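Everything on this sheet refers to the single structure shown next.
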Amino acid sequence: MIYPKDFEFKIGFSHIRVILDNYCLSTLGKKKVAEIGFLTDYNLIRRLLTQTDEFRQLIMLNEFFPASNYFDLENVLEKVKLEGTYFELEEVKDLWLSLDTIKKIIDFLLKRKTEETYKYPELSKLAEQEEVPQEILDYFPGIIDNHGNIKDIASQDLAQIRARKASLTHKAGKRLNQLLQQAKSEKWLDKDVELSIRNGRLVIPVPAAYKRRLKGYIHDQSATGQTLYLEPEEIFEINNEIKELDFEEHQEIIRILKVFTDFVRPFLPVIKSAYNFLGIIDCIRAKAKLAVDINAQKPIVVGKSYINWINAIHPLLFLSFKNQKKKVEPLNLELNSDKRILIISGSNAGGKSVALKTCGLLQYMVQCGLLVPMENYSEVGIFNKIFIDIGDEQSIENDLSTYSSHLLNMKNFCENIDSNSLFLIDEFGAGTEPKIGGAIAESILYELNEKKAFGVITTHYANLKLMASRYDGLMNGSMLFDTKNIRPLYRLKIGNPGSSFAFEIAKTIGLPELILKRAELFAGSGEVDFDRQLQDMDLKKLELEDKEKQLKAADDFLSDMIDKYEKLNSDLESRKTEIIIEARQEAKKILSESNKIIERTIKEIREAKADKEITAKLRNEIQEFSEKHKSEEGQISEKKSGKKTKWKGKGQVESFEIENAPINKNDIVRMKGLTTPGEVLSIEGKEAIVSFGSMKMKVLLEKLEKLKENKTIHAKVKTTFDINEKAVEFNPQVDVRGKRAEDALRKVRHFIDDAILLSARNLKIIHGKGDGILREAIRDLLSTIPEVGKYRDDHPDRGGAGTTIVELSI
């Protein structure tokens, strides 16, 4: 059930229908678009969405799909059902071309079904049920040519008639030319005069003054009467015979068409079904074209009353803004069994009504089988009824004011709404005395909430805003406002009511200060204070969200850094052990070789009977050399207590010495297990506020180690690095469509570098499909980057070969 009757007009779906109608290639498709309506069948809705999504993918992949000769012959097929009727020649041509198109569409879809990828299963199911009789397609070339004319070979009689007619026409033309040239040579006919045709017969234009020079029959004369169109007497009989042959030819063509129609008539049910299929395909194509234009996706459809939309956008606003190169603020909305009704408040012209219409339009589009502009992991439930109350409902015919019409709508709402209903009310309670209107609105909202219905309302009334804190099932939402620049942000935030910002807007417009002061007095301090408290809440909420975003980015960065440093320390320990082992082996090798050389030298000295003092001296030098290498070996293996190391660069290590002393303000510390030094800014009980570069953190004292101060540590602490800001701004997705290969590769290289720096592991590169050149160039680049673990195409629903998913191994 949809209420009221002009529901589609009020939410803007009538304009969507016009766009779809314009996308259709035939009246067949236009009829199907006109039949689009509100559905509640879960399986049918899912099937229609999948069909449209498959065609959207087909368009995005630039696949060649038959899109010509979508002729509507449904009325013609109905006509030729009766015996004795026949297809007109032009209708035969259209039948041939359109049946050929239908056959190509069926072949296209069934061919894709046999492929391994099986791209379009739901569209293929449609094609499986249809056929175009090959006998009919084979019949056409035997009777008509590519221009739609009956061929001479269509029948033996037709061939003979046309041959005889051609012969007579040639004979008549030849004799007329002779008479024409004779008249020109006798000077009573101008040289530029040529043969003409009047009443289907060849004639000679003769000046009226010379009409007796040539015997014949006058068929026409010029407007001035100066020229007569005369058929020579000797040609008259030939032309009569040609006329008779024309009639015979026409009769033979009708006979041929009747034979063809009799042949086709048994196949009419199959052909009608094929044309119905063509209309369905045309309609699906139109829906897919719209989806591409508005960046629509297929959401997750759930079989209950539920809404969980991420980054939903009003499609008509998107199309309008796209032409103006402006961006639409997306809507995030969840309505569930615990929080079913959203009360939106905020400034005038702040986007409340747009948010409400977005909700109504997108829900209706999904339940009509149309894709919608939101993230494909959004969840869309199914409602059995949708009600809307929006705009000026004044009725002169029924003698109803706007408010009376509004109350009549509310009466219908309360009588028909249930737990599977969605209602949308704009400016709830407006149109009458505020206190009374607010009280009635509150009572109606209470009733709708008691019925467990789902809904979205917009209002300025404080009593409705306060209901969310008193009753289960209700929640507040506000359209955010830039208090600094006094302008709406058009962004919906769930949780708190919004201020109207009436005084601020009035001040910006230039209303005199005296009037504003007086208005505040009239409004009363309670109302003004309440409004300003709402403003303060909005402002504080924005500030808290920004801080929360920064803290999350910092926390994520810190977690990644901890993981990275733990891995680094582990690698360092492993490498240190390897170095020690290698050093020991090298030292032993050196000592062994040195001993061999020295012993050989001593042997030679002995053999040469050298002085004993010289020999003793040489032995002492050997001993000193050996002791020196042993000492160095011991230094390498020794682990001095109170010191830990960290890598500075290629093979360099710097040491920070721990001091076993209480931690105080301004001390240099580090977190246990890490190496980055920081400065203690303050101590609060068992916790300390520590500055690590540009990042401040609250850390338990027991997790800190005090470092002995030196110049290196102070320099390290003072060095700042805006990695937090980079982490906040970093987007794990980059779009290089439309860029030259060189620029695209440079952008991808910088993108990967930032991701490695920030330890972002999962990335997406959008490069489009095209000829695949840019895709291959990007993948060649990725294969040269050691940190790139693997890459692949995205899921077909989310870009397929036009998007590369990258996973970093860091």
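Going from the sequence shown to the working numbering is simple: count from 1 and add 2. Don't be surprised by glycine CBs; every beta carbon is placed ideally from N, CA and C. Note that this is a predicted model, so its numbers are computed, not measured.
Shown here, E188 sits in coil according to DSSP, grouped into three states, outside any helix or strand. For P301, the number of other beta carbons within 10 angstroms of its own is at least 16, and it is reported as buried. At least 8 Å separates the beta-carbon of K359 from that of T460.
The three-state reading of DSSP puts H149 in coil, since its state is none of H, G, I, E or B. The Cβ atoms of A690 and L709 do not sit closer than 8 Å to each other. Inter-residue distance for R520 and L546 is about 34 Å (C-alpha atoms, whole angstroms).
Nearest to Y141 by C-alpha distance, out of Y379, L99, L125, is L99. In the three-state DSSP reduction, R257 falls in the helix class (H, G or I). Spanning the alpha carbons of F425 and G383 requires a straight line of approximately 14 Å. Setting aside the 5 residues that flank it on each side, I21 is surrounded in the same chain by L292, each with a C-beta closer than 7 Å to its C-beta; the list follows chain order. Under the three-state reduction of DSSP output, S349 falls in the coil class, being neither helix nor strand. 8 Å or more divides the Cβ of A185 from the Cβ of L230. Burial check for E10: the Cβ neighbour count within 10 Å reaches 16 or more, so the residue is buried. Apart from the 5 residues on each side of it in sequence, F262 sits with its Cβ closer than 8 Å to the Cβ of Y88, F89, V94, Y141, I145 in its chain, given in chain order. In the DSSP assignment, H408 falls within the unbroken alpha helix (DSSP H) covering 404-418. Annotated as proximal: I345 and K467, with beta-carbon spacing under 8 Å. Straight-line measurement puts the Cα of R164 at about 15 Å from the Cα of I256. CA-to-CA, the gap between L319 and G150 works out to about 46 Å.
For T54, the three-state secondary structure derived from DSSP is helix.
For P317 and N764, the gap between their C-alpha atoms comes out near 30 Å. Beta-bridge analysis with DSSP links K792 to E809. Excluding residues up to 5 positions away in sequence, G218, Y219 lie with their Cβ nearer than 8 Å to the Cβ of F238 in the same chain. In the DSSP annotation of this structure, V356 is not part of any beta strand (DSSP E); the continuous alpha helix (DSSP H) holding it starts and ends at 354-368. Assignment of beta strand (DSSP E) within the segment 230-293, counting only whole runs of 3 or more residues, yields no such run.
If only uninterrupted alpha helix (DSSP H) runs of at least 4 residues are considered, those enclosed by the segment 46-121 are 76-81, 91-116. Assignment of D737 by DSSP, reduced to helix, strand and coil, places it in the strand class. Of the other Cβ atoms in all chains shown, 16 or more fall within 10 Å of the Cβ of P679; this residue is therefore buried.
The residues T103, K106, I107, in chain order, have a CB closer than 6 Å to that of P68 in the same chain once the five nearest residues on each side in sequence are set aside. Judged by DSSP in its simplified three-state form, N24 adopts helix. For N179, the secondary structure class from DSSP, reduced to helix, strand or coil, is helix. Using a Cβ distance threshold of 8 Å, I780 and R739 do not count as a contacting pair. With a threshold of 16 other beta carbon atoms within 10 Å, D8 falls short and is exposed.
Taking every protein chain shown into account, the CB of H408 has 16 or more other CB atoms within 10 angstroms, so this residue is buried. DSSP places T460 outside any alpha helix (DSSP H); the residue lies instead in the beta strand (DSSP E), whose first and last residues are 456-460. The DSSP-derived three-state label of P436 is helix.
For L706, there is no enclosing alpha helix (DSSP H); the residue is part of the beta strand (DSSP E) that begins and ends at 706-708.
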